[in-house]
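**Student:** Each residue of the sequence shown is one higher than the one before, starting from 1 at the first, in full-length UniProt numbering. Structure incoming, see below.
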Amino acid sequence: MSIYNKLDLTGWKPRQLTSKEVRFATWIAFFAWVFAVYDFILFGTLLPEIGRHFGWGEVEQAEIATWVAVGTAVVAFAIGPVVDKLGRRKGIIFTVAGSALCSALTAIGGAWGKSPLILIRSLGGLGYAEETVNATYLSELYGASEDPRLTKRRGFIYSLVQGGWPVGALIAAGLTALLLPIIGWQGCFIFAAIPAVVIAIMARKLKESPQFQIHQRISELRKSGAVKEAQNVAVTYGVDYDEHSKAGLKAAFRGPARRATLVIGAALLLNWAAIQVFSVLGTSVIVSVHHISFENSLIILVLSNLVGYCGYLSHGWMGDKIGRRNVIGLGWMLGGLSFAGMLFGPSNMPMVVGLYSLGLFFLIGPYSAALFFISESFPTSIRATGGAIIHAMGPIGAVVAGFGATQVLSAGSDWQTAALWFGALPCFLSGALMFAARHVRPETVQ
1 MSIYNKLDLT GWKPRQLTSK EVRFATWIAF FAWVFAVYDF ILFGTLLPEI GRHFGWGEVE
61 QAEIATWVAV GTAVVAFAIG PVVDKLGRRK GIIFTVAGSA LCSALTAIGG AWGKSPLILI
121 RSLGGLGYAE ETVNATYLSE LYGASEDPRL TKRRGFIYSL VQGGWPVGAL IAAGLTALLL
181 PIIGWQGCFI FAAIPAVVIA IMARKLKESP QFQIHQRISE LRKSGAVKEA QNVAVTYGVD
241 YDEHSKAGLK AAFRGPARRA TLVIGAALLL NWAAIQVFSV LGTSVIVSVH HISFENSLII
301 LVLSNLVGYC GYLSHGWMGD KIGRRNVIGL GWMLGGLSFA GMLFGPSNMP MVVGLYSLGL
361 FFLIGPYSAA LFFISESFPT SIRATGGAII HAMGPIGAVV AGFGATQVLS AGSDWQTAAL
421 WFGALPCFLS GALMFAARHV RPETVQ
């Protein structure tokens with residue numbers, strides 16, 4: 001029986017979303033993520049140029065990237081409980097607007113010094129948190145949909161949205177190559193803020209998910225003292241009332257949710273070490289290891305992210321077929337092996353492009369399944385909170401990789417060694433760890 005056709009004893013039921021509204025939400029989520037990633041990757045891509053402008057060496061640049069990752073983790077962690085309290089719609093508006101503000105302020109933040117720049121870039125955690133909000137929102141919309149085609153292919157369709165990562169990275173690399181000589185690195189950040197503002201305004205037309213409407217209804221009845229009515233709503237829509245009443249940060253570490261929080265969180269921490277090294281700081285690694293020019297490194301990023309987008313579609317489609325957990329684990333293990341080959345392979349363009357592209361295919365591609373898998377691992381009352389806790393492990397992994405790489409470079413070694421120990425190896429281990437997570441059947445998700 002559809003969630004919309006149920007009716008509790010008070011005569012209340014959640015508002016039904018039309019197919020047109022679900023499609024609109026999908027497009028908004030896609031573009032919101034594209035431009036959040038655009039800003040996020042833009043900083044790492046332009047960091048060598050920013051460092052050159054202010055006279056910061058490689059070690060100082062690595063330190064800045066590390067402390068920015070710390071701030072990002074704090075902001076990303078805080079957004080989950082906010083979204084579970086205020087709603088998925090408001091969460092999208094808030095995170096996109098925050099990403100736009102971060103882009104605009106970055107253009108002037110460097111002139112104030114390293115500390116103000118780090119604080120400003122920490123706001124990028126709002127953009128980073130965008131994918132958690134997207135996954136939470138869309139997993140609920142697709143789960144409530146009465147369209148059997150959408151229900152059967154929800155993972156693949158979400159992969160189109162999550163594919164905003166390589167698209168955003170592609171735009172960051174492509175537009176940087178075009179605009180940097182014309183408007184400088186400051187102009188690139190100002191330019192990045194404009195589309196994010198437009199998306200934030202358009203997001204105001206989004207409708208709240210039916211699952212959150214139910215969650216909100218139960219919470220409102222409980223607060224007003226109408227406990228029996230709240231329990232009736234919970235029973236009608238298959239919600240565990242006791243667990244709902246205990247919603248919050250602690251709930252993510254109780255019962256079945258604890259395994260998801262700990263296992264997937266640890267895997268994401270390890271995997272984001274690889275993200276930091278090979279995606280965020282990809283230009284630095286390529287330029288240093290293979291002595292390729294900065295301009296050619298941007299071309300490599302463009303080509304490899306085209307392959308990365310194919311990785312999203314492939315892993316999203318396979319996740320619907322053989323299970324999201326299995327696809328994530330296998331993908332990240334193969335990604336680690338590909339990056340190791342790139343680091344120690346010959347320094348010719350075809351080999352570097354091929355192995356780096358293959359690495360990104362298996363590194364970022366599984367995220368089309370991972371974010372959906374995370375949302376399916378938690379009930380509605382803590383879906384955004386649980387997702388935010390796990391998601392915040394990513395920047396922590398980036399911090400570990402940043403500190404580790406900084407120490408390796410400070411000790412006189414090179415990016416080849418740093419990228420192996422704090423990039424390729426953690427990527428492989430993150431995939432192996434994913435097989436300890438619980439397999440989730442989408443039809444059992446509340």
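Even for Gly, the Cβ is constructed at its ideal location relative to N, Cα and C.
If the criterion is Cβ atoms closer than 9 angstroms, does the pair Arg88 and Ala384 meet it?
**Tutor:** Yes, Cβ-Cβ distance for Arg88 and Ala384 is below 9 angstroms.
**Student:** Alpha carbon to alpha carbon, how far is Phe156 from Leu313? Give it in angstroms, no decimals.
**Tutor:** Cα-Cα distance, rounded: 6 angstroms.
**Student:** Using the three-state DSSP reduction, which class does Thr18 fall into: helix, strand or coil?
**Tutor:** Looking at Thr18 - three-state DSSP - the assignment turns out to be coil, as it is neither helix nor strand.
**Student:** Take every Cβ of the region 68 to 80, pair it with every Cβ of the region 182 to 191, and state whether three or more of those distances are shorter than 8 angstroms.
**Tutor:** Result no; under three Cβ-Cβ pairs closer than 8 angstroms.
**Student:** For Leu175, name the three-state secondary structure that DSSP assigns.
**Tutor:** Reduced to three states, the DSSP call for Leu175 is helix.
**Student:** Between the alpha carbons of Gln446 and Thr380, how many angstroms are there, rounded?
**Tutor:** With a pLDDT of 48 at Gln446, under the threshold of 50, the modelled position of this residue cannot be trusted, and the question is left open.
**Student:** Taking the alpha-carbon positions, what's the Asp414 to Val289 distance?
**Tutor:** Cα to Cα, the separation comes out at about 8 angstroms.
**Student:** Go ahead and pull the three-state DSSP assignment for Phe344.
**Tutor:** Three-state DSSP puts Phe344 in a helix.
**Student:** When you compare each of Phe278, Gly341, Leu337, Gly311 to Val327 by their alpha carbons, which one comes out closest?
**Tutor:** Of Phe278, Gly341, Leu337, Gly311, the residue nearest in Cα terms is Gly311.
**Student:** How long is the line joining the alpha carbons of Ser103 and Ile171, rounded to whole angstroms?
**Tutor:** Looking at the two C-alpha atoms, the distance is approximately 15 angstroms.
**Student:** Using a Cβ-Cβ cutoff of less than 7 angstroms, which residues in the same chain neighbour Ser304 once the five nearest sequence positions on both sides are dropped?
**Tutor:** The residues are Val353, Tyr356, Ser357, Leu360.
**Student:** Give every residue of the same chain whose Cβ lies closer than 7 angstroms to the Cβ of Phe212, excluding the five residues on either side of it in the sequence, and list them in chain order.
**Tutor:** Closer than 7 angstroms at Cβ, skipping near neighbours: Gly87, Arg88, Glu140, Thr380.
**Student:** Along the chain, where does the alpha helix (DSSP H) that runs through Asn59 open and close?
**Tutor:** Correcting the residue type first, residue 59 is Val in the shown sequence and not Asn. It spans 58 to 86 - the alpha helix (DSSP H) in which Val59 sits, taken as one unbroken run.
**Student:** Are the Cβ atoms of Leu17 and Ala29 separated by less than 9 angstroms?
**Tutor:** Contact flag unset, no.
**Student:** Given residue 454, which residues of its chain have a CB within under 6 angstroms of its CB, disregarding the five upstream and five downstream residues?
**Tutor:** With the chain represented from 1 up to 446, any question about residue 454 goes unanswered, as that position is not in the structure.
**Student:** How about Ser275 and Ala192: do their beta carbons lie closer than 9 angstroms?
**Tutor:** Correcting the residue type first, residue 275 is Ile in the shown sequence and not Ser. Not a contact, by the Cβ cut-off of 9 angstroms.
**Student:** Just mark Arg23 as buried or exposed, buried being the case when its beta carbon has 16 or more other beta carbons within 10 Å.
**Tutor:** Arg23 is exposed by the Cβ-count criterion.
**Student:** Going along the chain, which unbroken runs of the alpha helix (DSSP H) with 4 or more residues stay wholly within the region 300 to 380?
**Tutor:** Those alpha helix (DSSP H) runs which fall completely within the region 300 to 380 and span 4+ residues are 324 to 344, 349 to 364, 367 to 376.
**Student:** Give me the Cα-Cα distance between Ser19 and Ala252, rounded to the nearest whole angstrom.
**Tutor:** Spanning the two alpha carbons is a distance of roughly 32 angstroms.
**Student:** Cα-Cα, which of Leu270, Tyr142, Arg153, Ile92 is closest to Ala196?
**Tutor:** That would be Ile92, whose Cα lies nearest to the Cα of Ala196.
**Student:** Only counting the same chain, and skipping five residues up and downstream in sequence, which positions put a Cβ closer than 8 angstroms to that of Gly323?
**Tutor:** If we look at Gly323 and ignore the five residues flanking it on each side, its Cβ neighbours are His439.
**Student:** Which of helix, strand or coil does DSSP assign to Glu220?
**Tutor:** Three-state DSSP puts Glu220 in a helix.
**Student:** Based on Cα-Cα distance, which residue from Leu47, Asn232, Ile364 lies nearest to Gly331?
**Tutor:** Among Leu47, Asn232, Ile364, the Cα nearest to that of Gly331 is on Ile364.
**Student:** Based on Cα-Cα distance, which residue from Leu117, Gly143, Asn271, Glu376 lies nearest to Gln61?
**Tutor:** Nearest option by C-alpha distance: Leu117.
**Student:** Does the beta-carbon of Leu47 have 16 or more other beta-carbons within 10 angstroms, so that it is buried, or is it exposed?
**Tutor:** That one is buried.
**Student:** From Leu262 to Gly336, what does the alpha carbon distance come to, in whole angstroms?
**Tutor:** For Leu262 and Gly336, the distance between alpha carbons rounds to 22 angstroms.
**Student:** Relative to the C-alpha of Pro14, which residue among His53, Pro210, Lys152 is closest?
**Tutor:** That would be Pro210, whose Cα lies nearest to the Cα of Pro14.
**Student:** Tell me which same chain residues have a C-beta within less than 7 angstroms of the C-beta of Leu429, skipping the five on either side of it?
**Tutor:** Answer for Leu429: Leu270, listed in chain order.
**Student:** Whose C-alpha, out of Val68, Leu150, Met393, Ile182, is nearest the C-alpha of Ser115?
**Tutor:** Ser115 has its Cα closest to that of Val68, out of Val68, Leu150, Met393, Ile182.
**Student:** Give the DSSP-derived three-state secondary structure of His439 in the structure shown.
**Tutor:** His439 falls in the coil class under three-state DSSP.
**Student:** When DSSP labels each residue in this structure, what does His215 get in the three-state scheme?
**Tutor:** His215: helix per DSSP, three-state reduction.
**Student:** Take every Cβ of the region 127 to 135, pair it with every Cβ of the region 215 to 223, and state whether three or more of those distances are shorter than 8 angstroms.
**Tutor:** As far as the Cβ criterion goes, the region 127 to 135 does not touch the region 215 to 223, which means the pair count is below three.
**Student:** Can you say whether Asn348 is buried or exposed, counting buried as having 16 or more other CB atoms within 10 angstroms of its CB?
**Tutor:** Exposed, by the Cβ-count rule.
**Student:** Buried or exposed: Val34, going by 16 or more other Cβ atoms within 10 Å of its Cβ?
**Tutor:** Buried.
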